[in-house]
Amino acid sequence: MQTPETLQPPYDLMGEDMQRAPQRLWHQLASECPVHFAPQLHGFVLSSWADCAALLRDPELSTGLMTAALDMRPPEEAAAIEWLRKTVRLWMGHTVPEDHTRLRRLLQGYFTPKTVRTLEPVATAIADELLDAAEQAGRFELVDDFAYPLPARVIAHMLGVPTQDHEAIQRWSADITKVFTSVAFEDILTAQRSMQEMIDYMVPIVEEHRGNPQEDVISAFIEAEVEHRVSVEEILSNCVLLLFAGHETTANLIANGTVALFEHPEQLARLRAEPELMANAIEEMLRWEGPATLTMRINGGEPRVIAGVEIPAHAMIVAGLGCANMDPREFEDPLRFDVAREKPKTLTFGMGGFYCLGAALARMEGRVAFSRMLERFPELAPVGAPEWSLTSPLNRQLQRYELRVR
Numbered sequence: 010m011q012t013p014e015t016l017q018p019p020y021d022l023m024g025e026d027m028q029r030a031p032q033r034l035w036h037q038l039a040s041e042c043p044v045h046f047a048p049q050l051h052g053f054v055l056s057s058w059a060d061c062a063a064l065l066r067d068p069e070l071s072t073g074l075m076t077a078a079l080d081m082r083p084p085e086e087a088a089a090i091e092w093l094r095k096t097v098r099l100w101m102g103h104t105v106p107e108d109h110t111r112l113r114r115l116l117q118g119y120f121t122p123k124t125v126r127t128l129e130p131v132a133t134a135i136a137d138e139l140l141d142a143a144e145q146a147g148r149f150e151l152v153d154d155f156a157y158p159l160p161a162r163v164i165a166h167m168l169g170v171p172t173q174d175h176e177a178i179q180r181w182s183a184d185i186t187k188v189f190t191s192v193a194f195e196d197i198l199t200a201q202r203s204m205q206e207m208i209d210y211m212v213p214i215v216e217e218h219r220g221n222p223q224e225d226v227i228s229a230f231i232e233a234e235v236e237h238r239v240s241v242e243e244i245l246s247n248c249v250l251l252l253f254a255g256h257e258t259t260a261n262l263i264a265n266g267t268v269a270l271f272e273h274p275e276q277l278a279r280l281r282a283e284p285e286l287m288a289n290a291i292e293e294m295l296r297w298e299g300p301a302t303l304t305m306r307i308n309g310g311e312p313r314v315i316a317g318v319e320i321p322a323h324a325m326i327v328a329g330l331g332c333a334n335m336d337p338r339e340f341e342d343p344l345r346f347d348v349a350r351e352k353p354k355t356l357t358f359g360m361g362g363f364y365c366l367g368a369a370l371a372r373m374e375g376r377v378a379f380s381r382m383l384e385r386f387p388e389l390a391p392v393g394a395p396e397w398s399l400t401s402p403l404n405r406q407l408q409r410y411e412l413r414v415r
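The numbering used here puts the sequence shown at residues 10 to 415.
Set out below in structure tokens:
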């Protein structure tokens, strides 16, 4: 029987290859290493599309998602982040299935493709305002000047949060995201502090909505609270979830997708010449390097065998989404970035009952961002190389990418 020590892959999951070209590493893992143990993640990582899809569809594994990773910290660390652990347990997608379903039903009407289409003019106006500033300056930094503020202001509009506070929301969100992407305890403590600040920020906004209801998500939460379908703690914690997750996903799509286009100039030229391919291009960006490259589940009370490896009871199981999206058994020539690829069945937004609530919103915002950016700036080009950081095994994040508009 293999042990975690014998299941560690012959690749450096946080090395230069991951920094420079993660797709090749993901492809190698999907092709050669269906299960490996990642000590930094305290779990078994699945690499094939089929195994990851089965994991995501399995309702027995759909509980305790992020809190389990936090609960696995050493006792003194777990005690120091007890507030964070309790708050995350209230999040939709990170609570027990019946509570997840209850919260999702409250919100799903705001994230349907039909509702999202009504937000497209809002997203377009925000994109053009941001690109106006870029045009005036002659250059811009993709992450801070466009990729993040665009979706941050859209989700603020949806929740009824002042859009002028998007910079603070962006800063808090970047810290909170470290709960998902970093294994360093200092980053987890920073995430806890920022989440506390974000909830303190939301309290007066929620109270203002009590006396002045709007056609927005916060007012829908308050109506449900009156009907005893949600608690005030759930309102505040899930407003935080929506604010940071509601723009972090799209921001990474825009950032990673822009890098992919400039690294494949023939594909950029084709997309400029055939803008009708934009929907396909968005799906290919989601496959090539999606906003999420990992997601976690907890095994049940019995061991299970996956790809010939016995996973112990209650062990962490990680779906390596980046690897699955490079699986040659599922995608033809997966190391080819192709904006005309017939819409691939990516796992970036998950599957089953925990499929990403904001998937339609992210796709719309991505479509608006790339359409407006490419249409307005035919000479758009990078000034230097993209700057990445490695936050955890198999995951990198764009930190900075300077672009000139002419």
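Backbone N, C-alpha and C fix where the C-beta goes; we use that ideal spot for every residue, glycine too. In this text, all values refer to a predicted model and were calculated from it rather than measured experimentally.
Nearest candidate by alpha-carbon position, reference residue i, set the options
| i | options | result |
| --- | --- | --- |
| D137 | Q49, V239, A156 | A156 |
| Q179 | T259, E129, A30 | T259 |
| F340 | I326, R238, T355 | T355 |
| H51 | P106, S40, V192, R33 | V192 |
| G169 | V212, P83, G393, M305 | V212 |
| L128 | A165, R111, L99 | A165 |
| L366 | P31, Y119, L64, I185 | Y119 |
| L403 | A301, H103, N308, V163 | A301 |
| L303 | I90, V97, T121, T400 | T400 |
| A349 | D141, G331, S203, R296 | R296 |
| V392 | M81, E150, A132 | E150 |
| K416 | P84, D108, L79, T110 | Lying outside 10 to 415, the shown extent of the chain, residue 416 is not represented and no answer is given. |
| D67 | E41, I315, A177 | I315 |
| F194 | A47, E85, A229, P122 | E85 |
| D342 | P19, R29, S40 | S40 |
| A47 | A177, M325, T357, F386 | M325 |
| L251 | Q173, R113, C42, L139 | R113 |
Beta-carbon spacing of residue i, residue j below 7 Å
| i | j | result |
| --- | --- | --- |
| I291 | R372 | yes |
| V414 | E232 | no |
| Q276 | F346 | yes |
| M335 | Q32 | yes |
| A132 | V377 | yes |
| V249 | I208 | yes |
| F230 | S182 | no |
| L34 | M27 | yes |
| A62 | M287 | no |
| G309 | E69 | yes |
Local Cβ density within 10 Å of residue i, reported as buried at 16 or more and exposed below that
| i | result |
| --- | --- |
| P158 | buried |
| P312 | exposed |
| A328 | buried |
| E319 | exposed |
| K352 | exposed |
| A161 | buried |
| Y364 | exposed |
| W92 | exposed |
| A394 | exposed |
| G102 | buried |
| H175 | buried |
| V3 | Residue 3 lies beyond the range of the chain shown here (10 to 415); nothing can be said about it. |
| A278 | exposed |
| E217 | exposed |
| R381 | buried |
| A200 | buried |
| H237 | exposed |
is_contact[residue i, chain D] using C-beta, thresh 7 Å
| i | result |
| --- | --- |
| S240 | Among the protein chains of the structure shown there is no chain D, as only one such chain exists. |
Backbone secondary structure at residue i - three-state DSSP
| i | result |
| --- | --- |
| V327 | strand |
| G317 | coil |
| A47 | strand |
| M23 | coil |
| E150 | strand |
| R82 | coil |
| E396 | strand |
| A390 | strand |
| L55 | strand |
| Q17 | coil |
| R306 | strand |
| Q407 | The sequence given here places Leu at residue 407; Gln does not occur at that position. Strand. |
| R162 | helix |
| L295 | helix |
| R413 | strand |
| S240 | coil |
| S203 | helix |
Alpha carbon of residue i to alpha carbon of residue j, nearest angstrom
| i | j | result |
| --- | --- | --- |
| S57 | Q37 | 10 Å |
| V226 | E243 | 13 Å |
| D21 | R98 | 32 Å |
| S203 | I185 | 7 Å |
| M294 | D60 | 22 Å |
| L245 | T124 | 23 Å |
| M305 | L65 | 9 Å |
| E396 | H256 | 20 Å |
| P274 | A369 | 27 Å |
| E374 | V268 | 17 Å |
| A390 | F271 | 8 Å |
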